[in-house]
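Below is one structure, written out as structure tokens, with a few remarks after it.
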Amino acid sequence: MDSLRMTLKLKAQRIKTTQPVAHAMSGTAEGDVAGQPVHSPAVVRSTDGTRQPPSSHASSSSMETPPRGRNVVIFGETGSGKSSIINAIAKNQLAKTTNDADGCTSSVQRYPVDISGQSFVLFDTAGLGEGPAGTVPDPEAKRQLKNLLRRLMSSRSPSDGIDLLVYCMSSSRMPGLTTIVQTYDMFYSRTCRKKVPIVIVITGLENEPNMESWWDENKGRFERESMHFTDHACVTALQEYPDIPDDVTRRIAESSDTLHNLLVNNCSH
Ligand SMILES: Nc1nc2c(ncn2[C@@H]2O[C@H](COP(=O)(O)OP(=O)(O)OP(=O)(O)O)[C@@H](O)[C@H]2O)c(=O)[nH]1
Ligand SMILES: [Mg+2]
Numbered sequence: 001m002d003s004l005r006m007t008l009k010l011k012a013q014r015i016k017t018t019q020p021v022a023h024a025m026s027g028t029a030e031g032d033v034a035g036q037p038v039h040s041p042a043v044v045r046s047t048d049g050t051r052q053p054p055s056s057h058a059s060s061s062s063m064e065t066p067p068r069g070r071n072v073v074i075f076g077e078t079g080s081g082k083s084s085i086i087n088a089i090a091k092n093q094l095a096k097t098t099n100d101a102d103g104c105t106s107s108v109q110r111y112p113v114d115i116s117g118q119s120f121v122l123f124d125t126a127g128l129g130e131g132p133a134g135t136v137p138d139p140e141a142k143r144q145l146k147n148l149l150r151r152l153m154s155s156r157s158p159s160d161g162i163d164l165l166v167y168c169m170s171s172s173r174m175p176g177l178t179t180i181v182q183t184y185d186m187f188y189s190r191t192c193r194k195k196v197p198i199v200i201v202i203t204g205l206e207n208e209p210n211m212e213s214w215w216d217e218n219k220g221r222f223e224r225e226s227m228h229f230t231d232h233a234c235v236t237a238l239q240e241y242p243d244i245p246d247d248v249t250r251r252i253a254e255s256s257d258t259l260h261n262l263l264v265n266n267c268s269h
């Protein structure tokens, strides 16, 4: 009886001493990421490993890192800046972009990236809304996107699942509201059955003194149509070019940080 009491006491002590330690580690790592100042250089490393996170991050995050990268599916109209926001997140030209009238990304592309020691897999997709003569006509782009979402949702593979949907729109080439509602319903409400978080990214805001004001002025249009987003990011995904004005350079850096925070704060897992 005494030995049983002793065993129980030891077990209770083990629970008391291990649980708070695990929580403390998790809290510290999450706080570091979420609390980054807007211009702090978030550590991003593409799979080629060109940039390494600092060793202090690496040791705490190695205990934090989930068993697989978080899957982020980026979708939206052709030319809305989907591939460009992947490059802005990676701070590297991973995805091909173009300013041609015809679409650029013709099939699903997968880009593993690390943000502050956390692994993400970004899925770039063919743009929606192209005509029959486009690179990927609209019905084919929709078919590809549905197949990707269904495959990720239904697979039992530990590397699958969807952690975040990102609906990308260009502020200068916004589709009509009816098209936006149809796209939201088709992929988020029906294909994903609203089971995953969805966020909206608005690109093309490099000339706005306050990029965030776009959302303040336009969010009512989405709410009136019962489109709900877990979060939003108002950004520029413009690539730097020679003689770029300082304020645009600043907004590009700010956008990269905004996008990092959007992913880190909103992925389910
Ligand atoms: N000015 C400005 N141009 C942008 C921005 N984001 C993207 N672009 C430009 O818009 C064009 C299309 O960008 P992409 O990233 O290729 O667009 P996409 O959505 O991937 O297009 P598809 O692959 O055809 O679906 C390119 O010329 C980009 O440089 C932005 O924030 N501001
Ligand atoms: Mg693209």
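FYI, in full-length UniProt numbering the residues of the sequence shown are 1 to 269.
Built from N, CA and C at the ideal position, the CB exists for glycine as well.
Please read all numbers here as calculations on a predicted model, not as lab measurements.
Residues that DSSP places opposite residue i in a beta bridge
i, result
"V121", "N71 and P112"
"V166", "I74 and V199"
"H232", "I200"
Burial state of residue i (16 or more Cβ within 10 Å)
i, result
"S226", "exposed"
"R156", "exposed"
"I244", "exposed"
"N147", "exposed"
"L165", "buried"
"R251", "buried"
"Y167", "buried"
"Q93", "exposed"
"Q118", "buried"
"R14", "Low confidence applies here, because R14 scores a pLDDT of 38, under 50, leaving its location unreliable and the question unanswered by this model."
"S107", "exposed"
"D246", "exposed"
"Y241", "exposed"
"S159", "exposed"
"K91", "buried"
"S154", "exposed"
For residue j and residue i, the rounded distance between their alpha carbons
i, j, result
"E206", "A88", "13 Å"
"F189", "I198", "Reading off the sequence, residue 189 comes out as Ser, not Phe. Answer to the nearest angstrom: the Cα atoms are 10 Å apart."
"G161", "A133", "33 Å"
"N265", "I200", "14 Å"
"V72", "V121", "6 Å"
"S116", "S256", "13 Å"
"V248", "G69", "31 Å"
"G81", "L238", "9 Å"
"E208", "W214", "8 Å"
"M211", "F229", "18 Å"
"P112", "T178", "33 Å"
"G204", "H232", "14 Å"
"E254", "D163", "24 Å"
"P139", "D124", "17 Å"
"V136", "C234", "27 Å"
"R110", "A95", "9 Å"
Under the three-state DSSP convention, the category residue i falls into
i, result
"L128", "strand"
"M227", "coil"
"M211", "coil"
"L145", "helix"
"I85", "helix"
"S106", "coil"
"I180", "helix"
"T249", "helix"
"E254", "helix"
"S155", "coil"
"Y241", "coil"
"S172", "coil"
"E206", "coil"
"P137", "coil"
"S268", "coil"
message: Under 8 Å: do the region 75 to 88 and the region 125 to 138 share three or more Cβ pairs, one atom per stretch?
response: yes
query: Just the residues with CB closer than 5 Å to a heavy atom of ligand 3, in chain order, which are they?
result: Questions concerning ligand 3 fall outside what the structure shown contains, since the ligands it does hold are ligand 1 and ligand 2.
- request: State whether the region 179 to 194 contacts the region 95 to 104, with contact taken as three or more CB pairs (one from each stretch) at a distance under 8 Å.
  value: Counting Cβ pairs under 8 Å, fewer than three are found: no touch.
message: Counting beta carbon pairs with one atom in the region 214 to 231 and one in the region 167 to 178, are three or more of them shorter than 8 Å?
response: yes
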